[in-house]
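Peer 1:
Chains as they are written, first to last, in my numbering: chain A, 1213 to 1727; chain B, 1213 to 1727.
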């Protein structure tokens, strides 16, 4: 069986099930269902605060084969997943599926639970560090399922991803389960990725180190979705949760890329009143924001919104009137947290509102300009941000596919070569985002426009930008680096890459060299 | 068939269906289901703003027998329900059920649609004015269904009340359907009663007279729940939406009642750190707040929250530090709207979060003190706020039953006689709220404690308050007024009174004298 992109995928994958192959970014639309939810009603005088995590695990009655979920707002400072898994392992529970919105290096102890069979399934939008390596080595019994941020919300809301128990790390909680991320030692700001878990899991428990008098405010997740609350000493390490500041790159090559990307944006005609913009927190991405800011200021343009994970840099643009509002699914730095807490124009969005394709309209649908990264791009503009050039999992879509699909202008910014390897290939090892969603690739040596965007190409021809075909760009790099040899993979599928609509866009196979 | 209160109810009511008789305030608890929702996904470049209401009605395809819904935040200034119904009547649609959270005198044109068969069903939490009279006269084909604020949210979320199309009056909306009530000519503040409609209707349309650039903020109801937006000239008359200020009564009898109610509160021991409080917007209710405020200030007590429909008076208490937060399901005056807009401690709550008994914990569950009104009370403490002493519908539960059930101390404040008729009866004409939920009745002549609250009676005996039994209180009034003759009713059931859990607590029968 082949996807519309020509990738070979089995029609049935052991441990995953029947495969619905990817058929195009908007092939699966129309009438959709948000699933029914069972809940246990709470009456006056019922107590939700439990004495300990052990007490909670007794009440939650987690049994072999269940799916438990976590959100990743505490990023590489998260203590909650590890603490919960340690206790569950000690209880002898087996065959759990961990549905975490993302997995970071701090979650290394999960590898042991994978090896011991406590965890046999993993569903995440992004996996990095030791767990990613363990999955790539084929240690997980079932293939990992890699989703997008919007796709995860869709999967949960549709009932495709059923969560038995959601563990919600809560920087602040009151005794009835009202939660926010803006106060407490582990403050992380927006809790956008946790919303679907809270709303759709059979049971939900807030784990907090900052229990405040009722009612907490602001309320990001309401008491009506929380069964229990447990207080522990610490839910996370602030140093791993947010950076103090996010900085623009000083690398001269990255600055050239950023400048060119901004010229592409300008030439596209999208720098206009009401424009919208999203970029990541990486140095090059922020440099694009810095360049774009100059143009917006120069042209006196006020945008409508910036969205996504929010940095202090976007906050400054908001405060300077360059955007009317921010949509924040997670805060990347302290300045973003403070702004989100204090400025009503800096708004909350759930992962579903952000990028779920099966709602009445996600925020990405209104996005004009999206700045994206890539570990590989192929000559069909397909992008890989899931595996490294060695075929080992080192990330995942996150919001990549969601924003690429929604935005009017999706720009991949990347060095033409990284670690002496070319970025552009005939075929990417893993397709994360389909080429149809990518409009242009900007490198320090040249710019390639997707042939489907003849309109954009015409506009860019009016500039002095170094335009070339993606094939030419590929050759340019290969002249310097030579043609890299392909990665050899075995038949074993270690991860299934789901597109945002739940179809399978690719699989990750076990790399022969990493055994 | 009898309810647990001994009211005779048929086990099947034509036009309503099988009856589940009321069995006690918390008899229907445990595992509950929030129903599945079908929605049509929206993709980039889909336009949600339609050119006119006519265009919208074409798209919405409303056919005979459907249920359409409205919220009542524009109260007696609402133009939306009338405009929509006028257009639907012109289109010849028949047999509609109107599920409006409340019906006011301004909705008088609905009577014509009832008479002509355009509307044959009505579901509401509160009905006053000409529509109430028309229902009482038996003009509606099916019995009206009268719910509570929390019960309506429960009915919608459970799927019991299925809404085909929700019409959402939106004081502010953007072109993707983000809605708030705090800006625009028809600003009304919180849109708490509209949330379940938006989330669970098959189709939703925002009708606004204030279309703002994307994205609107704050967002009370998200774009992900809105199919279409239509702009019209005016959605409501500000004079009918909010009062400029809400005032405390100057009536000396009401002030005595308020003072005594506050002494009851004080004696109950509930004036303490973290206390919570709710009262209505009526003069006597506000007078209780004023008295309570003095005591809280005197004792240096800081409460946790006040809730419900919010008035400027509660805003002042928030601002003076007497409460840490307000939970606002609707704003009664301009001061409340401004506070709700500007003060993060003044928080939004949906009707479901307010009072739905089938969530993981409504706000009413945490309520200490609730001040309630009554048109009649019987010697079992059952309260009627649905029908007048003539048996004609003049209101409904609203949040009466929800708050009475949830609160630790539910106090009915009322004059012992109104319009020369005694308020306390052997049996109320219609039971709205069961006596079990009522703790004490405070009148200007005496105070009666529910015998189930022996603990409270003991505390009140330590005061000089004029305690008596409810029977003694009844006799006291009858000595002055004589025993009123009962209202004669026919067999015909004109309204079914649903308790918050969806069981039937009573029925309203057609009054013989109003034919």
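For glycine and all other residues, C-beta sits at the position ideal for the given N, C-alpha and C.
Alpha carbon to alpha carbon, what distance is there between residue 1577 of chain B and residue 1256 of chain A?
Peer 2: To locate residue 1256 of chain A, count along the first chain from 1; it is residue 44. To locate residue 1577 of chain B, count along the second chain from 1; it is residue 365. Their backbone Cα atoms lie some 5 angstroms apart in a straight line.
Peer 1: Can you name the residues of chain A whose CB is closer than 7 angstroms to the CB of residue 1283 of chain B?
Peer 2: Position 71 of the second chain, counting from 1, holds the residue named residue 1283 of chain B. Neighbours of residue 1283 of chain B on chain A: none; closest Cβ ~18 angstroms, over 7 angstroms.
Peer 1: The segment 1215-1229 of chain A: which residues have C-beta closer than 7 angstroms to a C-beta of chain B, in chain order?
Peer 2: Hits within the stretch: zero.
Peer 1: State the Cα-Cα distance for the pair residue 1516 of chain A and residue 1310 of chain B, rounded to the nearest angstrom.
Peer 2: As a first step, residue 1516 of chain A must be located in the first chain, where it is residue number 304. As a first step, residue 1310 of chain B must be located in the second chain, where it is residue number 98. Roughly 37 angstroms between the two C-alpha positions.
Peer 1: On the three-state DSSP scale, how would you describe residue 1536 of chain B?
Peer 2: Sequence index remark: in the second chain, residue 1536 of chain B carries index 324 (1-based). Here residue 1536 of chain B sits in strand by DSSP.
Peer 1: Tell me the residue span of the beta strand (DSSP E) that contains residue 1710 of chain B.
Peer 2: Here the question's residue 1710 of chain B lines up with position 498 in the second chain. Residues 1701-1710.
Peer 1: Going by DSSP, what residue range makes up the beta strand (DSSP E) through residue 1628 of chain B?
Peer 2: Position 416 of the second chain, counted from the start, is the residue given in the question as residue 1628 of chain B. Counting along the chain, residue 1628 of chain B falls outside any beta strand (DSSP E), and DSSP gives it neither H nor E.
Peer 1: Is residue 1381 of chain B closer than 8 angstroms to residue 1290 of chain B when the C-beta atoms are compared?
Peer 2: As a working note, residue 1290 of chain B is residue 78 in the second chain. As a working note, residue 1381 of chain B is residue 169 in the second chain. Cβ atoms of residue 1290 of chain B and residue 1381 of chain B: closer than 8 angstroms.
Peer 1: Quick one: grab the DSSP three-state call for residue 1405 of chain B.
Peer 2: Along the second chain, read from residue 1 onward, the residue named residue 1405 of chain B stands at position 193. Looking at residue 1405 of chain B - three-state DSSP - the assignment turns out to be helix.
Peer 1: Whether or not the segment 1595-1614 of chain A and the segment 1296-1309 of chain A are in contact is what I'm after, with contact meaning three or more pairs of Cβ atoms, one per stretch, closer than 8 angstroms; do they touch?
Peer 2: Too few Cβ pairs lie closer than 8 angstroms, so no.
Peer 1: Whole angstroms is fine: what's the gap from residue 1469 of chain A's alpha carbon to residue 1622 of chain A's?
Peer 2: The sequence position of residue 1469 of chain A within the first chain is 257, counting from 1. The sequence position of residue 1622 of chain A within the first chain is 410, counting from 1. Whole-angstrom Cα-Cα distance: 15 angstroms.
Peer 1: Measuring only the C-alpha atoms, how far is residue 1228 of chain B from residue 1254 of chain A?
Peer 2: The residue given as residue 1228 of chain B occupies position 16 in the second chain. The residue given as residue 1254 of chain A occupies position 42 in the first chain. The straight-line gap from Cα to Cα measures roughly 29 angstroms.
Peer 1: Residues of the segment 1435-1463 of chain B in Cβ contact with chain A at a cutoff of 7 angstroms, in chain order, please.
Peer 2: From the segment 1435-1463 of chain B, only 1435, 1436, 1437, 1438 and 1439 have a Cβ closer than 7 angstroms to chain A.
Peer 1: Kindly give me the distance between the Cβ atoms of residue 1634 of chain B and residue 1678 of chain B, rounded to whole angstroms, as I take these residues to be in contact under 8 angstroms.
Peer 2: Within the second chain, the letter at position 422 stands for residue 1634 of chain B. Within the second chain, the letter at position 466 stands for residue 1678 of chain B. That belief does not hold up - the Cβ atoms of residue 1634 of chain B and residue 1678 of chain B are roughly 17 angstroms apart, past 8 angstroms.
Peer 1: Can you check whether the C-beta of residue 1245 of chain A is within less than 8 angstroms of a C-beta belonging to chain B?
Peer 2: Taking the first residue of the first chain as position 1, residue 1245 of chain A is located at position 33. Closer than 8 angstroms: yes.
Peer 1: Please report the Cβ distance between residue 1260 of chain B and residue 1440 of chain B, rounded to the nearest whole angstrom; I am assuming they are in contact, meaning their Cβ atoms lie under 8 angstroms.
Peer 2: If you number the second chain from 1, residue 1260 of chain B lands on position 48. If you number the second chain from 1, residue 1440 of chain B lands on position 228. With a Cβ gap of about 5 angstroms, residue 1260 of chain B and residue 1440 of chain B count as contacting.
Peer 1: Per DSSP, what are the beta-bridge partners of residue 1583 of chain B in this structure?
Peer 2: Working through the second chain from its first residue, we reach residue 1583 of chain B at position 371. BP columns for residue 1583 of chain B point to B/1623.
Peer 1: So for residue 1233 of chain B, helix, strand or coil by DSSP?
Peer 2: Residue numbering aside, residue 1233 of chain B sits at position 21 when the second chain is read from its first letter. Three-state DSSP puts residue 1233 of chain B in a strand.
Peer 1: When DSSP labels each residue in this structure, what does residue 1690 of chain B get in the three-state scheme?
Peer 2: The residue you call residue 1690 of chain B lines up with position 478 of the second chain. Correct three-state label for residue 1690 of chain B: helix.
Peer 1: Mind checking whether residue 1358 of chain B and residue 1608 of chain B have CB atoms under 8 angstroms apart?
Peer 2: Locating residue 1358 of chain B in the second chain gives position 146, counting from the first residue. Locating residue 1608 of chain B in the second chain gives position 396, counting from the first residue. For residue 1358 of chain B and residue 1608 of chain B, yes; Cβs fall inside 8 angstroms.
Peer 1: Which residue comes first and which comes last in the beta strand (DSSP E) that contains residue 1251 of chain B?
Peer 2: Here residue 1251 of chain B is taken as the residue at index 39 of the second chain, counted from 1. Residues 1249-1252.
Peer 1: Quick check: the segment 1399-1408 of chain B against the segment 1364-1378 of chain B, are there 3 or more CB pairs under 8 angstroms?
Peer 2: Touching, per the Cβ criterion.
Peer 1: Using a Cβ-Cβ distance under 8 angstroms, would residue 1273 of chain A count as near chain B?
Peer 2: For this step, residue 1273 of chain A is matched to residue 61 along the first chain. No, because no Cβ of chain B sits closer than 8 angstroms to the Cβ of residue 1273 of chain A.
Peer 1: Using the Cα positions of residue 1651 of chain B and residue 1265 of chain A, report the straight-line distance between them to the nearest angstrom.
Peer 2: By 1-based counting over the second chain, the position of residue 1651 of chain B is 439. By 1-based counting over the first chain, the position of residue 1265 of chain A is 53. Residue 1651 of chain B and residue 1265 of chain A: Cα-Cα distance of roughly 38 angstroms.
Peer 1: Can you name the start and end residues of the alpha helix (DSSP H) that residue 1670 of chain A belongs to?
Peer 2: As a working note, residue 1670 of chain A is residue 458 in the first chain. First-last of the alpha helix (DSSP H) with residue 1670 of chain A: 1666-1673.
Peer 1: Between the Cα of residue 1638 of chain B and those of B/1665, B/1672 and B/1699, spot the shortest distance and give me the residue it belongs to.
Peer 2: Position 426 of the second chain, counted from the start, is the residue given in the question as residue 1638 of chain B. Residue 1638 of chain B has its Cα closest to that of B/1699, out of B/1665, B/1672 and B/1699.
Peer 1: Please state whether the Cβ-Cβ distance between residue 1542 of chain A and residue 1524 of chain A is less than 8 angstroms.
Peer 2: Within the first chain, residue 1542 of chain A is the residue found at index 330, counting from 1. Within the first chain, residue 1524 of chain A is the residue found at index 312, counting from 1. No; because the gap between Cβ atoms is not below 8 angstroms, this pair is not in contact.
Peer 1: Identify the contact partners of residue 1311 of chain B in chain A, using a Cβ-Cβ distance below 9 angstroms as the criterion.
Peer 2: Numbered from its first residue, the second chain carries residue 1311 of chain B at position 99. By Cβ distance, chain A contributes nothing, its closest Cβ being about 20 angstroms from residue 1311 of chain B, past 9 angstroms.
Peer 1: My understanding is that residue 1319 of chain A touches residue 1343 of chain A, with C-beta atoms under 8 angstroms, so please give their C-beta distance in whole angstroms.
Peer 2: For the purposes of this step, residue 1319 of chain A is identified with residue 107 of the first chain, where counting begins at 1. For the purposes of this step, residue 1343 of chain A is identified with residue 131 of the first chain, where counting begins at 1. 6 angstroms between Cβ atoms; contact.
Peer 1: I need the DSSP call for residue 1510 of chain B, collapsed to helix, strand or coil.
Peer 2: Residue 1510 of chain B sits at position 298 when you count from the first residue of the second chain. DSSP places residue 1510 of chain B in helix when its eight states are reduced to three.
Peer 1: Does chain E have any CB closer than 8 angstroms to the CB of residue 1517 of chain B?
Peer 2: Of the chains in the structure shown, none is chain E; the protein chains are A and B.
Peer 1: Since residue 1307 of chain A is in the alpha helix (DSSP H), which residue starts that stretch and which ends it?
Peer 2: The residue labelled residue 1307 of chain A in the question sits at position 95 within the first chain. Counting along the chain, residue 1307 of chain A falls outside any alpha helix (DSSP H), and DSSP gives it neither H nor E.
Peer 1: Is residue 1445 of chain B near the ligand MG, judged by its Cβ being under 7 angstroms from some heavy atom?
Peer 2: Ligands in the displayed structure: none, and consequently the ligand MG is not present.
Peer 1: How is the alpha helix (DSSP H) around residue 1292 of chain B delimited, first residue to last?
Peer 2: If you number the second chain from 1, residue 1292 of chain B lands on position 80. Note, residue 1292 of chain B: alpha helix (DSSP H), 1292-1302.
Peer 1: Please name the residues in the segment 1387-1407 of chain A whose beta-carbon is closer than 8 angstroms to at least one beta-carbon of chain B, in chain order.
Peer 2: Those would be 1388 and 1389, in chain order.
Peer 1: Just to make sure I have the definition right: I need the residues of chain A whose C-beta is within less than 8 angstroms of the C-beta of residue 1557 of chain B. Which are they?
Peer 2: Position 345 of the second chain, counting from 1, holds the residue named residue 1557 of chain B. Residues of chain A passing the Cβ test: 1429.
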